[in-house]
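J.: This structure is in structure tokens; I'll ask about it shortly.
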Amino acid sequence: MAQPRAERLMNLHILLLGAKRFIGKDAIREACYADHPRNATGDEAFERAFERDKDALRQIGAVIEVGSADAFFDDEIGYRIPTEQTSLPEIRFESDEAAVLGLAAQVWQQATLAKATGRALAKLKGQGVEIDPSRLEVVAPAITADEPAFEPLWDAVGKRRQVSFPYQRASETEPTTRRVQPWGLARSSGRWYVVGFDVDRGAERVFRLSRIVGPVRASGRSGAYDVPPGTDVRAVARRLSPSFPSVRAEIRVRQGTGLGLRRRAESVAPIEERPGWDRVVVEGPVHEVSDDVLTYGADVVVEAPESLRDEVVSRLRAVAEGPR
Amino acid sequence: MSTQPGDTAPDQVARLLALVPYLLARGEVRLDDAAAHFGTDADQIERDLRLLFMTGVSPGLPGDLIEVDLEALEGDRIIRVDNADYLARPVRFSPAEATSLVVALRTMVEAAPEEARDVIERTLTKLEQAAGQDGEGLLRLHVTPTPLEASAVVPVLEAALAHGRQVEITYYVPSRDQESQRLVDPRGLARVEDLLYLDAWCHTAQGDRAFRVDRILSARELDTPVADPGARARDLTGGWFTDAETTTVTLRLAPPARWVVEYYQVTAQRPGPDGTIDVDLEVASEQWVQSLLLRLAPHATLLAPAHFADAFTAAARATLNLYEDDGVDLS
């Protein structure tokens with residue numbers, strides 16, 4: 599019976615962990631991959647299994663160093679896992695901090711991130727940290743990532759692998775294939791964005807995950823590119839997403855209406871000279887405020903600034919003058 | 007030695023590499039205590055230990071194998087592990103692990119009430135330090151939670167669902183621009199595209215209702231159990247307003263208004279002239295369509311029904327008249 603993979607992974611980890619010298623590939627094969635016969639098929643199967651296993655150990659957190667296994671001939675590649683770099687530094691937590699850790703486990707509603715959080719917490723528990731979230735009266739936010747593109751993109755970000763995907767822009771009728779080196783992911787206003795380098799356009803770009811309309815395919819090797827140092831995915835997403843200058847608007851709202859505007863208002867006060875109306879002050883991007891104002895039709899009138907009033911009036915005129 | 011579905015070999019190895027340091031630090035641990043500490047069941051710990059029993063420095067040389075006292079495990083349900091000193095410390099966080107935990111905490115800081123921020127920030131600082139200088143051990147992931155994600159509504163609804171109790175909600179209806187108090191029997195939460203809905207029997211309306219959770223301003227679990235605990239949630243992903251009278255409206259959307267397709271339940275769509283698309287929507291309220299058209303002005307045109315179009319143009323004119331009254335020159 600072939601040995602289970604978990605057993606082989608454990609043995610590989612233990613074999614390389616704390617090794618004084620780099621252990622040659624051949625010795626590794628002898629110790630952990632004896633199942634694979636010494637022939638062309640067996641060689642290939644061993645190489646594939648060994649690559650996968652190294653990758654799995656790295657995902658678990660092990661730091662695998664690669665070097666020369668022979669002091670005199672540097673043609674034999676060897677491997678080792680240095681104990682100090684691979685061990686978790688001791689972290690002490692107060693009991694209320696440990697409760698926070700427990701709540702953190704509830705944040706991710708996405709399977710891969712939830713699992714990664716669980717693994718990180720298990721390591722702290724391995725250090726003896728007692729985690730009990732019920733000690734804290736705080737509700738953890740729940741963050742989802744339902745877009746099918748999330749998982750392969752997150753994987754590609756971790757491995758620094760180039761991806762391609764069909765992307766549907768709102769202004770175009772057909773999707774186009776984009777080739778991207780993903781740097782990171784950002785969530786804003788309930789949507790996920792991937793930030794990265796668009797290989798064909800030779801520039802950084804932001805893509806909305808819900809507009810990726812087909813499979814995300816990774817190609818090429820891991821570690822294929824470096825993320826520019828200091829890249830802040832939130833800032834890039836904000837800079838490259840369409841945005842509009844913010845405006846502080848004074849608007850007149852009929853009493854008993856415009857609840858949506860009233861809830862986000864800076865101030866609401868009745869207007870003495872116009873019974874039945876309130877003056878409401880709201881702030882936001884120009885387009886959002888004008889969209890919101892228009893939604894309420896004849897219950898809301900913009901008083902200032904003039905630029906916003908002109909925009910609302912011109913949009914109304916375009917529709918009041920009938921079909922174009 | 008069967009494993010659970012979804013439990014991969016790396017998962018099991020990751021668990022063992024966290025379990026062994028805990029066991030070694032204590033010398034002797036009751037199986038049930040270890041299970042409670044790791045938030046898992048005793049069976050899984052036992053399965054993992056049986057794998058540990060098979061491993062060691064030089065496979066095949068009995069003296070070097072990790073020793074697990076199987077007699078104590080099977081008899082007294084006590085764990086004793088020996089000959090594994092090189093596994094005394096857990097493996098450091100992988101970049102994905104550190105990132106998921108750190109970003110979860112950063113998101114909590116943004117969403118937390120003032121009084122809880124300090125303890126979250128203290129915890130976060132320790133973890134960021136463990137992840138390396140300047141977050142070099144972290145991947146790039148950032149979340150700005152929406153008000154709904156940060157709100158306390160969803161956990162209240164989930165708790166009420168789990169307990170089978172009634173909920174009192176304050177619900178905002180934009181098409182009528184009203185807030186109302188409702189007493190509901192929750193049946194389930196369903197995500198349809200971007201939005202989360204609460205499916206419930208509404209006592210106030212005496213009917214089945216689906217509430218958009220982002221419009222529930224507040225929710226309170228009551229002590230009273232739901233009237234029909236066996237009621238199953240409806241399938242909300244298919245026909246939406248099946249329990250309401252609806253009208254089919256056809257809109258022609260110019261590119262800036264195309265987001266409508268992603269936001270609302272569009273029953274059909276066809277390409278129109280000059281890069282526009284024509285879409286059919288099932289709507290329950292004329293007022294809602296009018297609000298939507300005003301919001302989209304002038305990038306959406308109503309193709310049918312004709313009397314909706316006339317009313318919409320009249321509403322736009324009435325609004326314009328208010329500006330004229332203000333002395334705005336409309337010529």
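Chains as they are written, first to last, in this note's numbering: chain P, 599 to 922; chain V, 7 to 337.
The beta carbon of each residue, even a glycine, is placed where N, CA and C say it ideally should be.
The structure presented is a predicted model; accordingly, all values stated were derived computationally and were not measured.
Distance, Cα to Cα, residue 54 of chain V vs residue 17 of chain V?
T.: For residue 54 of chain V and residue 17 of chain V, the distance between alpha carbons rounds to 10 Å.
J.: Going along chain P, which residues have a C-beta under 8 Å from residue 287 of chain V?
T.: The contacting residues do not exist; residue 287 of chain V stays about 16 Å from chain P at best.
J.: Which one or two residues does DSSP pair with residue 621 of chain P in a beta bridge?
T.: According to DSSP, residue 621 of chain P bridges with P:677.
J.: At 4 residues or longer, what runs of the alpha helix (DSSP H) sit wholly inside the stretch 722-785 of chain P?
T.: Correct list: 748-757.
J.: May I have the straight-line CA-CA distance separating residue 272 of chain V from residue 288 of chain V, to the nearest angstrom?
T.: Roughly 7 Å separates the two Cα atoms.
J.: Measuring from the CB of residue 872 of chain P, is there a heavy atom of the ligand ZN at a distance below 7 Å?
T.: Of ligands this structure carries none, so the ligand ZN is not represented either.
J.: I'd like to check one pair, residue 162 of chain V with residue 225 of chain V: are the Cβ atoms closer than 8 Å?
T.: In contact: residue 225 of chain V and residue 162 of chain V (Cβ atoms closer than 8 Å).
J.: Between residue 247 of chain V and chain P, is any beta-carbon pair separated by less than 8 Å?
T.: Residue confidence is low: residue 247 of chain V scores 42 on pLDDT, short of 50, so the model does not pin down where it sits. Its coordinate-derived value is still stated next. It does not; no Cβ of chain P falls within 8 Å.
J.: Does the stretch 729-744 of chain P touch the stretch 697-708 of chain P, meaning 3 or more C-beta pairs lie closer than 8 Å?
T.: Yes: the two stretches touch, three or more of their Cβ pairs being nearer than 8 Å.
J.: Which full runs of the alpha helix (DSSP H) of 4+ residues lie inside the stretch 811-837 of chain P, going along the chain?
T.: Those alpha helix (DSSP H) runs which fall completely within the stretch 811-837 of chain P and span 4+ residues do not exist here.
J.: Can you list, in chain order, the residues of its chain with a C-beta nearer than 8 Å to that of residue 95 of chain V? Leave out the 5 residues immediately preceding and following it.
T.: Contacts found: 27.
J.: State the DSSP-derived secondary structure class of residue 707 of chain P, mapped to helix, strand or coil.
T.: Residue state, collapsed to three classes: coil.
J.: Rank V:101, V:147, V:33 and V:119 by C-alpha distance to the C-alpha of residue 136 of chain V and give the top, closest one.
T.: The option with the nearest alpha carbon to residue 136 of chain V is V:101.
J.: In this structure, what does DSSP give as the bridge partners for residue 208 of chain V?
T.: BP columns for residue 208 of chain V point to V:190 and V:213.
J.: Excluding the 5 residues preceding and the 5 following residue 149 of chain V in the sequence, name in chain order all residues of the same chain whose CB lies nearer than 7 Å to its CB.
T.: Cβ within range, chain order: 109 and 113.
J.: Compute the Euclidean distance between the alpha carbons of residue 674 of chain P and residue 684 of chain P, then round it to the nearest angstrom.
T.: Whole-angstrom Cα-Cα distance: 24 Å.
J.: Roughly how many whole angstroms lie between the Cα atoms of residue 300 of chain V and residue 904 of chain P?
T.: Their Cα atoms are separated by approximately 20 Å.
J.: Using the DSSP secondary-structure output, state which residues sit across from residue 196 of chain V in a beta bridge.
T.: Bridge partners of residue 196 of chain V: V:203.
J.: My output table needs one value for residue 148 of chain V: the three-state DSSP class, helix, strand or coil.
T.: In the structure shown, residue 148 of chain V sits in a strand (DSSP, three-state: E or B).
J.: Residue 686 of chain P by DSSP, collapsed to three states: which one?
T.: Here residue 686 of chain P sits in coil by DSSP.
J.: Looking at the secondary structure, which residues open and close the beta strand (DSSP E) in which residue 865 of chain P lies?
T.: First-last of the beta strand (DSSP E) with residue 865 of chain P: 865-868.
J.: Can you give the Cα-Cα distance for residue 71 of chain V and residue 612 of chain P, rounded to whole angstroms?
T.: Each residue's alpha carbon lies about 11 Å from the other.
J.: How about residue 760 of chain P and residue 737 of chain P: do their beta carbons lie closer than 8 Å?
T.: No; because the gap between Cβ atoms is not below 8 Å, this pair is not in contact.
J.: Short check: CB of residue 177 of chain V to CB of residue 188 of chain V, under 8 Å?
T.: Cβ atoms of residue 177 of chain V and residue 188 of chain V: closer than 8 Å.
J.: Using a threshold of 8 Å, state whether the C-beta atoms of residue 679 of chain P and residue 661 of chain P are closer than that.
T.: In contact: residue 679 of chain P and residue 661 of chain P (Cβ atoms closer than 8 Å).
J.: Do you know offhand how far residue 169 of chain V's Cα is from residue 214 of chain V's?
T.: Taking the straight line joining both Cα atoms gives about 20 Å.
J.: Let me make sure I understand the geometry here. Which of V:190, V:255 and V:221 has the alpha-carbon closest to that of residue 231 of chain V?
T.: Measuring from the Cα of residue 231 of chain V, the nearest candidate turns out to be V:190.
J.: Please state whether the Cβ-Cβ distance between residue 805 of chain P and residue 792 of chain P is less than 8 Å.
T.: The answer is yes: Cβ separation under 8 Å.
J.: With 7 Å as the C-beta to C-beta threshold (strictly closer), list the residues of the stretch 822-836 of chain P near chain V in chain order.
T.: Listed in sequence order: 825, 829, 831 and 832.
J.: Hey, does residue 855 of chain P have any beta-carbon neighbour from chain V nearer than 8 Å?
T.: Output row for residue 855 of chain P: interface = yes.
J.: Using a cut-off of 7 Å between C-beta atoms, extract the partners of residue 117 of chain V located in chain P.
T.: Here the neighbours are 739.
J.: Considering just the uninterrupted stretch of the alpha helix (DSSP H) at residue 26 of chain V, what are its terminal residues?
T.: Residues 15-32.
J.: Are the beta-carbon atoms belonging to residue 790 of chain P and residue 146 of chain V less than 8 Å from one another?
T.: Taking 8 Å as the Cβ cut-off, residue 790 of chain P and residue 146 of chain V do not qualify as a contacting pair.
J.: Go through its chain and collect everything with a Cβ distance to residue 872 of chain P's Cβ below 8 Å, but skip five positions before and after it.
T.: Counting only Cβ-Cβ distances below 8 Å, and skipping sequence neighbours, we find 850.
J.: Quick check on residue 781 of chain P - is its C-beta less than 8 Å from some C-beta in chain V?
T.: Cβ-Cβ to chain V under 8 Å: yes for residue 781 of chain P.
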